[in-house]
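There are 2 protein chains.
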Amino acid sequence: MSSTQPPTRIKILTATWNLLEKEETPQVRMSDIAKAAKVSRQAVYLHFENRADLLVATARHLDDVYKIGPTVEALHGLPALERLSGWVGIWGDYIPKVYGVGRALMAMMDGDAEARAAWDDRMSAVRRETGFAIDALAAEGLLCDHMTRDEARDFLWTLLSMRNWAQLRHEAGWSQDRYITHMQAVARRVLLKGAHAQA
Amino acid sequence: MSSTQPPTRIKILTATWNLLEKEETPQVRMSDIAKAAKVSRQAVYLHFENRADLLVATARHLDDVYKIGPTVEALHGLPALERLSGWVGIWGDYIPKVYGVGRALMAMMDGDAEARAAWDDRMSAVRRETGFAIDALAAEGLLCDHMTRDEARDFLWTLLSMRNWAQLRHEAGWSQDRYITHMQAVARRVLLKGAHAQA
DNA sequence: TGTCAACTTTACATGGTGTAAAGTTAAATT
DNA sequence: AATTTAACTTTACACCATGTAAAGTTGACA
Chain L
24 MSSTQPPTRI
34 KILTATWNLL
44 EKEETPQVRM
54 SDIAKAAKVS
64 RQAVYLHFEN
74 RADLLVATAR
84 HLDDVYKIGP
94 TVEALHGLPA
104 LERLSGWVGI
114 WGDYIPKVYG
124 VGRALMAMMD
134 GDAEARAAWD
144 DRMSAVRRET
154 GFAIDALAAE
164 GLLCDHMTRD
174 EARDFLWTLL
184 SMRNWAQLRH
194 EAGWSQDRYI
204 THMQAVARRV
214 LLKGAHAQA
Chain U
24 MSSTQPPTRI
34 KILTATWNLL
44 EKEETPQVRM
54 SDIAKAAKVS
64 RQAVYLHFEN
74 RADLLVATAR
84 HLDDVYKIGP
94 TVEALHGLPA
104 LERLSGWVGI
114 WGDYIPKVYG
124 VGRALMAMMD
134 GDAEARAAWD
144 DRMSAVRRET
154 GFAIDALAAE
164 GLLCDHMTRD
174 EARDFLWTLL
184 SMRNWAQLRH
194 EAGWSQDRYI
204 THMQAVARRV
214 LLKGAHAQA
């Protein structure tokens with residue numbers, strides 16, 4: 024049976040995931056990954072061009088495992104206010120799941136053009152989705168008038184960055200619940216028209 | 024005259040500064056710095072223990088040149104609302120001046136304990152100052168009651184991070200003015216009691 | 001003349017990434 | 001049964017940046 028022993032590619036991806044998941048690890052090397060996957064270091068290069076490529080593939084693998092795409096799409100029918108909070112909640116709960124990989128990718132960004140491009144690509148997907156939530160608010164006439172839609176999108180997108188999550192969660196010691204609740208409240212307070220801002 | 028030719032240490036610091044200031048440069052090496060300072064690579068190690076040490080010294084040098092300490096202290100007498108906006112404005116205008124060095128230090132953080140510690144140290148100073156502004160608001164009864172003072176401080180501190188500035192300024196294309204104005208407005212909207220939040 | 005500090009020059013150890021190529025193994029092909 | 005092929009291992013090495021080591025140069029000062 025081929026299903027008893029996962030194929031090498033998957034073994035490498037899950038090993039990468041496991042290693043990056045544990046916070047302590049500051050610097051995960053290709054040899055660490057190979058060892059964890061019980062595979063030679065060269066086998067890794069047989070499946071992935073380089074370190075950046077492997078990290079990106081791992082990130083995509085997590086997207087698959089966690090079905091983030093369908094989860095986000097489920098929001099698209101909701102009324103604007105619920106959609107806003109829903110999006111903040113879903114993305115905010117997804118961050119801790121992918122933070123390890125994200126962090127490794129971010130660390131590579133300066134100096135590695137491929138890593139940079141891959142990261143920007145992922146983040147622009149987040150930006151787009153944030154924009155949809157803002158558009159929904161605007162469509163229902165709920166968006167405040169002291170910001171353009173683009174400004175609103177880019178502010179919220181920035182607020183929801185992984186770095187901010189990490190700083191509040193790890194440096195400031197916030198609980199995950201407090202993080203989510205607070206971000207939802209801030210989003211409403213900053214983005215909505217006066218009458219709805221206290222909701 | 025010893026003043027016509029700046030001492031080597033200063034030459035190295037200003038060379039580091041110049042190189043890190045230009046955005047394009049993704050990866051500034053010790054040899055680049057030495058070359059720019061017209062000094063041998065080894066001379067750099069005569070004045071600074073290692074790369075992290077050099078970057079930290081450069082950051083402190085900028086603090087000196089720009090007199091950030093006294094500038095911030097000038098806020099301490101102001102009424103809470105002006106103090107809040109003043110702090111957001113001063114720090115927000117300081118970020119672009121030190122972003123090059125900050126970025127290089129951030130890039131070293133994972134993997135270099137010394138860089139990590141130095142960065143955390145600098146950021147905790149920002150956090151403390153942010154806390155003072157929050158305390159002033161609380162003292163005048165202006166702080167909203169849906170957050171503790173620590174929460175308010177850590178939220179604002181996070182909002183004012185260099186990464187957020189860079190994302191809005193460079194990725195989202197905001198002007199420096201828009202960045203400052205917006206951050207001041209968000210701070211008021213999120214932190215102040217309902218009656219004052221629209222100010 | 002001699003000493004000392006600051007700097008240069010040359011050389012090398014280290015550690016991680018990525019490349020190259022020959023060797024092994026087991027399953028599929030004929 | 002013999003052979004081909006793909007996937008993987010093993011060994012070796014080039015590269016590049018950091019940091020260390022030590023001998024040589026220079027100029028000021030005593």
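Same order as they appear, the protein sequences are chains L and U. Using the working numbering, the letters of the first sequence map in sequence onto residues 24 to 222. Using the working numbering, the letters of the second sequence map in sequence onto residues 24 to 222. All C-beta atoms in this analysis are idealised placements derived from N, C-alpha and C, irrespective of residue type, glycine included.
**OP:** Give a yes or no on contact between the region 70-81 of chain L and the region 122-141 of chain L, applying the rule of three or more CB pairs nearer than 8 angstroms.
**Re:** yes
Original post:
Would you say U/Arg-186 faces chain L, with C-beta separation under 7 angstroms as the test?
Top reply: Residue numbering aside, residue 186 of chain U sits at position 163 when the second sequence is read from its first letter. Yes - at least one Cβ of chain L is within 7 angstroms of the one on U/Arg-186.
Original post:
What residues in its chain sit with their C-beta under 6 angstroms from that of U/Trp-197, if we drop five residues either side in the sequence?
Top reply: Locating residue 197 of chain U in the second sequence gives position 174, counting from the first residue. Answer for U/Trp-197: Leu-191, listed in chain order.
Original post:
Curious, which full-length alpha helix (DSSP H) runs of at least 4 residues does the region 32-95 of chain U contain?
Top reply: 53-60, 64-70 and 74-88
**OP:** Count the C-beta pairs between the region 113-121 of chain U and the region 84-91 of chain U that are closer than 8 angstroms, then say yes if the count reaches three, no if not.
**Re:** yes
Original post:
Are U/Leu-42 and U/Ala-127 close, meaning C-beta to C-beta below 7 angstroms?
Top reply: Taking the first residue of the second sequence as 1, we reach residue 42 of chain U at position 19. Taking the first residue of the second sequence as 1, we reach residue 127 of chain U at position 104. No, the Cβ-Cβ distance between U/Leu-42 and U/Ala-127 is not below 7 angstroms.
Original post:
What is the residue span of the alpha helix (DSSP H) that U/Pro-119 lies within?
Top reply: Here residue 119 of chain U refers to the residue found at position 96 when the second sequence is read from its first residue. From DSSP, the alpha helix (DSSP H) with U/Pro-119 extends over 103-132.
**OP:** Could you have a look at U/Ser-25 and say whether DSSP puts it in helix, strand or coil?
**Re:** Walking along the second sequence from the start, residue 25 of chain U turns up at place 2. Any reading at U/Ser-25 is ruled out, since the residue's pLDDT is 36, under 50, leaving its predicted position unreliable.
Original post:
Of all the CB atoms in chain U, is at least one closer than 7 angstroms to the CB of L/Val-22?
Top reply: Since the displayed chain L opens at 24 and closes at 222, residue 22 of chain L lies outside it and no answer follows.
Subject >> From U/Thr-153, U/Ala-66 and U/Gly-125, residue whose alpha carbon lies closest to that of U/Gly-109 >> reply: Against the second sequence, residue 109 of chain U aligns to sequence position 86. Ranking U/Thr-153, U/Ala-66 and U/Gly-125 by Cα distance to U/Gly-109 puts U/Thr-153 first.
Original post:
Grouping DSSP H, G and I as helix and E and B as strand, with all else coil, what is U/Leu-183?
Top reply: For the purposes of this step, residue 183 of chain U is taken as the residue at position 160 of the second sequence. Three-state DSSP puts U/Leu-183 in coil, outside helix and strand.
Original post:
Any C-beta of chain L sitting closer than 7 angstroms to the C-beta of U/Asp-158?
Top reply: Working through the second sequence from its first residue, we reach residue 158 of chain U at position 135. False, the Cβ-Cβ gap to chain L never drops below 7 angstroms.
Subject >> Rounded straight-line distance, which links the Cα of L/Gln-50 to that of U/Lys-58 >> reply: Working through the second sequence from its first residue, we reach residue 58 of chain U at position 35. Working through the first sequence from its first residue, we reach residue 50 of chain L at position 27. Each residue's alpha carbon lies about 30 angstroms from the other.
Subject >> Where L/His-205 falls, given that 16 or more other Cβ within 10 Å makes a residue buried >> reply: On the first sequence, position 182 is the one that residue 205 of chain L refers to. Answer is buried; the Cβ neighbour count reaches 16.
**OP:** Compare the beta carbon distance of L/Leu-145 and L/Ile-157 with 7 angstroms and say whether it is the shorter of the two.
**Re:** Against the first sequence, residue 145 of chain L aligns to sequence position 122. Against the first sequence, residue 157 of chain L aligns to sequence position 134. Residue identity check: residue 145 of chain L is Arg in the sequence provided, not Leu. No; because the gap between Cβ atoms is not below 7 angstroms, this pair is not in contact.
Original post:
Can the beta-carbon of L/Ala-210 be found closer than 7 angstroms to that of L/Leu-179?
Top reply: Stepping through the first sequence from its first residue, residue 210 of chain L is reached at position 187. Stepping through the first sequence from its first residue, residue 179 of chain L is reached at position 156. In this structure, L/Leu-179 lies closer than 7 angstroms to L/Ala-210 by Cβ.
Original post:
How about L/Arg-186 and U/Arg-186: do their beta carbons lie closer than 7 angstroms?
Top reply: Translated into positions along the first sequence, residue 186 of chain L becomes position 163. Translated into positions along the second sequence, residue 186 of chain U becomes position 163. Yes, these two residues count as a Cβ contact at 7 angstroms.
**OP:** Using the Cα positions of L/Ser-147 and L/Met-132, report the straight-line distance between them to the nearest angstrom.
**Re:** In the first sequence, the residue the question calls residue 147 of chain L occupies position 124. In the first sequence, the residue the question calls residue 132 of chain L occupies position 109. For L/Ser-147 and L/Met-132, the distance between alpha carbons rounds to 15 angstroms.
Subject >> Spatial neighbours of U/Met-129 in its chain, beta-carbon cut-off 7 angstroms, leaving aside the 5 residues before and after >> reply: To locate residue 129 of chain U, count along the second sequence from 1; it is residue 106. Excluding positions up to five away in sequence, the list reads Trp-142.
**OP:** Could you spell out where the alpha helix (DSSP H) holding U/Trp-170 opens and where it closes?
**Re:** The count along the second sequence starts at 1 and reaches residue 170 of chain U at position 147. It should be pointed out that residue 170 of chain U corresponds to Met in this sequence rather than to Trp. It is not in any alpha helix (DSSP H) - U/Met-170 carries neither H nor E in the DSSP assignment.
Original post:
Going by other Cβ atoms of all chains shown within 10 Å of its Cβ, with 16 needed for buried, is U/Ser-184 buried or exposed?
Top reply: Reading the second sequence from its first residue, position 161 is the one you call residue 184 of chain U. Per the 10 Å Cβ criterion, buried.
Original post:
What number of angstroms, rounded off, separates the C-alpha of L/Asp-168 from the C-alpha of L/Lys-216?
Top reply: Translated into the one-based positions of the first sequence, residue 168 of chain L becomes position 145. Translated into the one-based positions of the first sequence, residue 216 of chain L becomes position 193. The alpha-carbon atoms of L/Asp-168 and L/Lys-216 are separated by roughly 7 angstroms.
Original post:
Where do the ends of the alpha helix (DSSP H) carrying U/Gly-154 lie?
Top reply: If you number the second sequence from 1, residue 154 of chain U lands on position 131. U/Gly-154 -> alpha helix (DSSP H) spans 136-162.
**OP:** Mind reading off the beta-carbon distance from U/Leu-165 to U/Leu-104? Whole number of angstroms is fine, and I expect it under 8 angstroms.
**Re:** Counting from 1 along the second sequence, the entry for residue 165 of chain U is found at position 142. Counting from 1 along the second sequence, the entry for residue 104 of chain U is found at position 81. Right, the Cβ-Cβ distance comes to about 7 angstroms (below 8 angstroms), so this counts as a contact.
Subject >> beta-carbon U/Ile-56 near the ligand FMN non-hydrogen atom, thresh 6 angstroms >> reply: Ligands in the displayed structure: none, and consequently the ligand FMN is not present.
**OP:** Could you say which of U/Ser-63, U/Met-170, U/Ala-162 and U/Leu-78 lies nearest to U/Pro-102 if we only look at CA atoms?
**Re:** Reading the second sequence from its first residue, position 79 is the one you call residue 102 of chain U. For the residues U/Ser-63, U/Met-170, U/Ala-162 and U/Leu-78, the minimum Cα distance to U/Pro-102 belongs to U/Ala-162.
**OP:** Measure the alpha-carbon distance for U/Val-60 versus L/Met-53 and round it to whole angstroms.
**Re:** Stepping through the second sequence from its first residue, residue 60 of chain U is reached at position 37. Stepping through the first sequence from its first residue, residue 53 of chain L is reached at position 30. For the sequence presented, residue 60 of chain U should be read as Ala rather than Val. If I take the Cα positions, the gap works out to 36 angstroms.
Original post:
How many Å lie between L/Met-24 and L/Thr-31 at the Cα?
Top reply: Along the first sequence, read from residue 1 onward, the residue named residue 24 of chain L stands at position 1. Along the first sequence, read from residue 1 onward, the residue named residue 31 of chain L stands at position 8. Bear in mind that a pLDDT of 36 at L/Met-24, under 50, signals an unreliable position, so the model cannot answer this.
Original post:
What residues from the region 192-206 of chain U come within 9 angstroms of chain L, judged by C-beta to C-beta, listed N to C?
Top reply: Glu-194, Ala-195, Gly-196, Trp-197, Arg-201 and His-205
**OP:** Taking C-beta pairs closer than 9 angstroms, name the residues in chain L that U/Asp-133 reaches, listed in chain order.
**Re:** Working through the second sequence from its first residue, we reach residue 133 of chain U at position 110. Correct list: Pro-49, Gln-50, Arg-126, Ala-127, Met-129 and Ala-130.
Subject >> Supposed contact pair U/Gly-115 and U/Tyr-202 - C-beta distance, whole angstroms, cut 8 angstroms >> reply: Here residue 202 of chain U refers to the residue found at position 179 when the second sequence is read from its first residue. Here residue 115 of chain U refers to the residue found at position 92 when the second sequence is read from its first residue. Right, their Cβ atoms sit about 6 angstroms apart.
Original post:
DSSP three-state call for U/Leu-98: helix, strand or coil?
Top reply: Numbered from 1 along the second sequence, position 75 holds the residue referred to as residue 98 of chain U. Note: U/Leu-98 maps to coil in three-state DSSP.
Original post:
Is it buried or exposed for U/Ile-56, if we count other Cβ within 10 angstroms and need 16 for buried?
Top reply: Numbered from 1 along the second sequence, position 33 holds the residue referred to as residue 56 of chain U. Looking at its Cβ environment, which holds 16 or more other Cβ atoms inside 10 Å, U/Ile-56 is buried.
Original post:
Nearest chain L C-beta to U/Gln-190 closer than 7 angstroms, yes or no?
Top reply: Taking the second sequence and counting its residues from 1, the one referred to as residue 190 of chain U is at position 167. By this cut-off, U/Gln-190 is an interface position.
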